[in-house]
Structure formats: structure tokens, C-alpha cells
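Structure first, commentary second.
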Amino acid sequence: MKIGIMGTGYVGLVHGAVLAGNGFQVTCMDVDADKIKRLTDGITPLYEPGLDELLERGIREGTLSFTTSAKEVIQSSDVIFIAVGTPAKDDGSANLAYVHEVAQAIGKYANGYKVVVSKSTVPVGTNRTIARYLDGALKSRHAPFRLDVASNPEFLRQGKAVGDSRSPSRVVIGTESEQAKRMLQAVYETHIREDVPFLYTNLETAEMIKYASNSFLAVKISFVNELALLSEKVGADIGDIAAGMGLDERISPHFLQAGPGYGGSCFPKDTQALVDIGRRNGEELHIVRAAMTANEKQKSRMVAKIAEQLSFDGTLKGKTIAVWGLSFKPETDDIRDAPSYAVINGLLSRGAAVKAYCPQGMKQAQRQWTELNGLVTYCESEADCAQNADAIVLMTEWEQFREISWDILAKSMRGNAFFDLRNMFAEHPRVRRLFRYYPVGSSELAYTLEEAK
Ligand code: UDX
Numbered sequence: 051m052k053i054g055i056m057g058t059g060y061v062g063l064v065h066g067a068v069l070a071g072n073g074f075q076v077t078c079m080d081v082d083a084d085k086i087k088r089l090t091d092g093i094t095p096l097y098e099p100g101l102d103e104l105l106e107r108g109i110r111e112g113t114l115s116f117t118t119s120a121k122e123v124i125q126s127s128d129v130i131f132i133a134v135g136t137p138a139k140d141d142g143s144a145n146l147a148y149v150h151e152v153a154q155a156i157g158k159y160a161n162g163y164k165v166v167v168s169k170s171t172v173p174v175g176t177n178r179t180i181a182r183y184l185d186g187a188l189k190s191r192h193a194p195f196r197l198d199v200a201s202n203p204e205f206l207r208q209g210k211a212v213g214d215s216r217s218p219s220r221v222v223i224g225t226e227s228e229q230a231k232r233m234l235q236a237v238y239e240t241h242i243r244e245d246v247p248f249l250y251t252n253l254e255t256a257e258m259i260k261y262a263s264n265s266f267l268a269v270k271i272s273f274v275n276e277l278a279l280l281s282e283k284v285g286a287d288i289g290d291i292a293a294g295m296g297l298d299e300r301i302s303p304h305f306l307q308a309g310p311g312y313g314g315s316c317f318p319k320d321t322q323a324l325v326d327i328g329r330r331n332g333e334e335l336h337i338v339r340a341a342m343t344a345n346e347k348q349k350s351r352m353v354a355k356i357a358e359q360l361s362f363d364g365t366l367k368g369k370t371i372a373v374w375g376l377s378f379k380p381e382t383d384d385i386r387d388a389p390s391y392a393v394i395n396g397l398l399s400r401g402a403a404v405k406a407y408c409p410q411g412m413k414q415a416q417r418q419w420t421e422l423n424g425l426v427t428y429c430e431s432e433a434d435c436a437q438n439a440d441a442i443v444l445m446t447e448w449e450q451f452r453e454i455s456w457d458i459l460a461k462s463m464r465g466n467a468f469f470d471l472r473n474m475f476a477e478h479p480r481v482r483r484l485f486r487y488y489p490v491g492s493s494e495l496a497y498t499l500e501e502a503k
């Protein structure tokens, strides 16, 4: 079975590389000629642990190739995965222009039976529309074969994508075709753990599972973030609250980590898109909307808290703030919808000078946040960033921050405030002693009592 992947973003590339690593002949297509050239030379366009090695191996063993020709991929593949972007439009709806382009190319160039599989997150009904469109396109060409469509949403997490693709929590296959089902099963069975459950549904249900899962996780995070804000006021500790809640297996301990708000390429976009799908169908999704509102509030409350602690009047003029971590989560260089962007803008608008350091995200920040170039000083290391700063604001929980020589770093600073927006050092006695330490979701009172023990 030959595999074609349309789109070499993070989902397409990881999926293609994993399948090539399992012996499938995989061709990845992208319209970006420069990217395809670099990929052909073995240069990975994004930072994802383990991906470099897989790409290098696929290229070396000849199982993985890249092209800009849609026709070539479509005609040489039995299964075509659509993994192009579906970015949010201004009104929150998903932009399906790239998905439509791919569908048109398949309708035009398909030369025999194939399974067309959506990996991209697309609004409910999109795959049904693609199926109808392809039927029509084949009829108008008098083609003597059919194409089957399947929705096969992707649940990979950035930073853990290679491992996740071998050990997914589930494989969801939405299709009404037995042949498509069997072929997809055969694709997955080569590389996933034996006990991974397969769920077979219709197209619409598979599409909804993806939005429902991401939105539910966003709701969980916003819920715990709101409780974190309340905990700071009433003297409770959100870490203990989350632990206490998580012991109930109906709640589960996962995704209850308070922080500066969720970001990334999925949660902000997918919650918006689900609300938009609801509206188009006459249903207001109040809970998802509330999670989105709470997420915006969380980011601005982080800025307000920093300003309140560093000055009497809420302005930050004359203060230098070191921001650690720009990517929306560790082990990725992705800064899409990262809370660090809102926090940095908030700090700048209150008059602070901002220095920033991120192990992987700085190149993307300089490239994408062009309006911040010249306003933010990007630094070589955490220590360089903290030098002469009044405060550190930890935005992303990179493991390497645990290796810091805290005494030397504290001495090099002008002030000693440490806003740990990921509660990474809540249990670190040295950090707590050296700095005025502000975690998320526990008050000074809870802290003082803890220390007194
Ligand atoms: C998410 C989904 O987890 C994945 O299944 C889907 O395929 C794509 O979207 P990802 O965006 O890679 O994956 O990151 P994830 O680890 O889910 O984190 C998303 C955001 O939520 C990050 O900003 C993270 O910091 C934040 N988060 C996560 C919290 O603030 N608290 C938590 O407890 C968990």
C-alpha cells in the first residue's frame, strides 16, 4: 500500500515519517517549494523530538520522499491523507481553502480507487461535502472507479508527537466504506500498540470527536485556571485542589495544571471553530465560549498580578522583566497563540522593558511577532535574560530551567521577584528562599504557612 500525505505541517510530517519508518512507501506533498527542497535535503522545518532521526532514516532507506506535485502523489498513492492547515478566519470559522484545493486536485487527477482521509481538523459536514464533490468530479470525467472518504482525526500532542503516534489513546475512523475501514486498519496496525482501541463511526461523528475532545480539555484547563485565581484570594492551593479532585477517577488528574492560559495551534482555534459550528446550526455552546473567555481573562490577570506586585500604581515604567519560555508549551518551537505573546504585550503596554529567552521559540518569535522586534530584547540564555532584571516571568515549563545555578542568577538581578506561571518551582526550597516567589493559584498566606512547617 502506498501512502500520500498532502501538507507537510506538523501533523502531516510526523504521520508521514512514522509510516515511512514502518516500511510504507510515503510521498509527502506541499505547495511550498522551498520547504520541499529543504525536506528532500533532510532539513526538518520544525522542532519535534525524534522527528529528525525518522526523516533521516526514511530518506536514507528510500521509503520517504517529497514533492510539490499533487498529481504525482495522488496518482501513486492508495491512501491519501489530507493534512493541510485549517487556520481560523477572523470570524472564528475554519478556513477550508487548502482542504478544498486538495479535494479539487484529487477529483482531477485520481486514476483509480483510493481512500481519501482527512487528518486535518475540519468542521462537521466537510468530509461529506468532499465525498459528494469527488463523486461529482469522477462522474463528470466518466471515471470507471470510485473514491472513498474517511475522517481520521489526529490527537498528537506537540513535543510528544512521535511517541504519541505509536501509542495513541485511540484511533477514530469515520467512514461508511468497509474497504476504507480495512485499509486504514491495515495502515495503523503496522505501528501502534496492540491494545489501542479502534472506534468506527460515521463521518460527522469522527469530525465532532476531535472538536469535542480538544474543547473539553480547554474547558478543563479554564476551569482549573478560574479556581486558581479564586484560590489566590481565599488562601487555598490549586495544586492540592487539583490533586484532590484528580483522585476521583471520574475527574482524572490530567489537564488540571493551572497556568497562564492554554495556547497552541489547536485549542484556541478548535474552541472557536466549535462555537462557530454551533452558531451556524442554531446552538450556542455556552460552556465552550466560557472557557475561551476565561482563557483571555487568565492571560490579562497574569499581567495585572505582575504589575500589582512590582509597583503601587500598576505601571511598570522603569522595570525590566525577564520572560522565560515563549513557545506555548515545552519541547516545541511553536509560538502560535502562545500566552507569552499576550503577557509580553501586556507588560510592554504598562511600560516595562522586556527581555526574553526561549530554548526553541525565539527564531519563530522574531519571524512572526515582527511588531515586537526592537521592543523585546532576545537573549542567549536564561541567565543572560535575568541579568539586571527586576523580575522573572516563567511562561513555559522547559526542563532545562531546572539546571540553573540559582544563587549566581539571583545575584545578577536587580530585583528578586519570580512569577512562576507554571508552578514549576513550587516545591523548590532554594528558589523559594532566594526570590519573592509568586506561583499561580496559591496565596502568600498558603505559602507562609507551608514554610512555617
Ligand atoms: C492538543 C491536544 O492535547 C492533542 O490531543 C491535539 O491533537 C492537539 O491539541 P497540543 O496543542 O500539542 O495538543 O498541546 P497540549 O499538551 O494539549 O497543551 C495545550 C495547551 O494547554 C498548552 O498551552 C499547555 O501549556 C496548556 N495546558 C495543558 C495547561 O495549561 N494545563 C494543563 O493541565 C494542560
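In the working numbering, the protein residues as written are 51 to 503.
Even glycine gets a Cβ: it sits at the ideal position worked out from N, Cα and C.
Note that the structure is a prediction, hence the values are computed from the model and not measured.
| Query | Result |
| --- | --- |
| Complete runs of the alpha helix (DSSP H) confined to the region 217-269 [at least 4 residues] | 228-239 |
| Ligand 1 heavy atom lying under 6 angstroms from the CB of isoleucine 458 | no |
| DSSP state of asparagine 345 mapped onto helix, strand, coil | helix |
| Contacts around valine 199, its chain only, beta-carbon distance under 6 angstroms, and the 5 residues preceding and following it disregarded | Val166, Asn177, Ile180, Ala181 |
| Assigned exposure category for alanine 294 - 16 Cβ within 10 Å defines buried | Alanine is not the amino acid found at residue 294; the sequence shown has glycine there. Glycine 294 comes out exposed. |
| Distance cut-off 6 angstroms: glycine 296 Cβ against heavy atoms of ligand 1 | no |
| Sequence-distant residues of its chain with Cβ nearer than 7 angstroms to alanine 230 (five each side left out) | Val165, Asp198, Ala200 |
| Residues of its chain near glutamine 307, where Cβ-Cβ distance is below 8 angstroms and the 5 sequence neighbours each way are ignored | Ile271, Val274, Ala292, Arg472, Asn473 |
| Closest Cα partner of aspartate 82 within the set Lys405, Leu101, Phe116 | Phe116 |
| Residues sharing a beta bridge with serine 168, DSSP | Ile132, Ser201 |
| Exposure of arginine 483, with buried meaning 16 or more beta-carbon neighbours within 10 Å | exposed |
| Spatial neighbours of leucine 101 in its chain, beta-carbon cut-off 8 angstroms, leaving aside the 5 residues before and after | Leu63, Val64, Ala67, Thr94, Ala211, Val212 |
| Option in Thr370, Leu366, Tyr391, Lys369 with minimal Cα separation from phenylalanine 378 | Tyr391 |
| Buried versus exposed, by CB contacts within 10 Å (16 or more), threonine 446 | buried |
| Phenylalanine 378 CB to nearest heavy atom of ligand 1 below 6 angstroms | yes |
| Buried versus exposed call for phenylalanine 195 [16 or more other C-beta atoms within 10 Å across all chains shown] | exposed |
| Coarse secondary structure for threonine 442, derived from DSSP in three states | A small fix is needed here, since residue 442 is isoleucine in this sequence, not threonine. Here isoleucine 442 sits in strand by DSSP. |
| Three-state class that DSSP yields for glycine 289 in the structure shown | helix |
| Close beta carbons around glycine 465, own chain, < 6 angstroms, minus the five adjacent residues each side | Asp440, Ala441 |
| Pair within 7 angstroms by beta-carbon distance, phenylalanine 485 and phenylalanine 468 | yes |
| Nearest-angstrom Cβ-Cβ length linking serine 372 and alanine 436, presumed shorter than 8 angstroms | What sits at residue 372 in the sequence shown is alanine, not serine. Correct: roughly 5 angstroms between the Cβ atoms. |
| Contact set for threonine 240: own chain, Cβ-Cβ below 6 angstroms, skip 5 residues either direction | Asn72 |
| Which residues DSSP lists as bridging serine 508, in chain order | Within the shown structure, residues of the chain are numbered from 51 to 503, placing residue 508 beyond reach of any answer. |
| Valine 325 versus valine 338 - alpha carbon distance | 7 angstroms |
| Assigned exposure category for isoleucine 567 - 16 Cβ within 10 Å defines buried | Absent from the model: residue 567. The displayed extent of the chain is 51 to 503, so no value can be given. |
| Alpha-carbon spacing of leucine 499 relative to alanine 344, whole angstroms | Since pLDDT at leucine 499 reaches only 49, below the 50 mark, its modelled position is unreliable, and the value read off the structure follows with that caveat. Each residue's Cα considered, the two are about 29 angstroms apart. |
| Of the residues Arg110, Met79, Lys260, Gly162, the one placed nearest glutamate 122, counting alpha carbons only | Met79 |
| CB contact flag (tryptophan 448, proline 389, <7 angstroms) | no |
| Cysteine 435 CB to nearest heavy atom of ligand 1 below 6 angstroms | no |
| Close-in-space but distant-in-sequence residues of the same chain around lysine 283 (CB under 8 angstroms, 5 per side omitted) | Ser493 |
| Proximal residues to alanine 236 (C-beta, below 8 angstroms), its chain only, five neighbours per side dropped | Met51 |
| With 16 other Cβ atoms within 10 Å as the buried cut-off, status of phenylalanine 362 | exposed |
| Where lysine 260 falls, given that 16 or more other Cβ within 10 Å makes a residue buried | buried |
| Any non-hydrogen atom of ligand 1 closer than 6 angstroms to glycine 135 Cβ | no |
| Cβ shell of serine 219 (< 7 angstroms), same chain only, five flanking positions each side left out | Phe205 |
| CB contact flag (cysteine 408, glycine 375, <7 angstroms) | yes |
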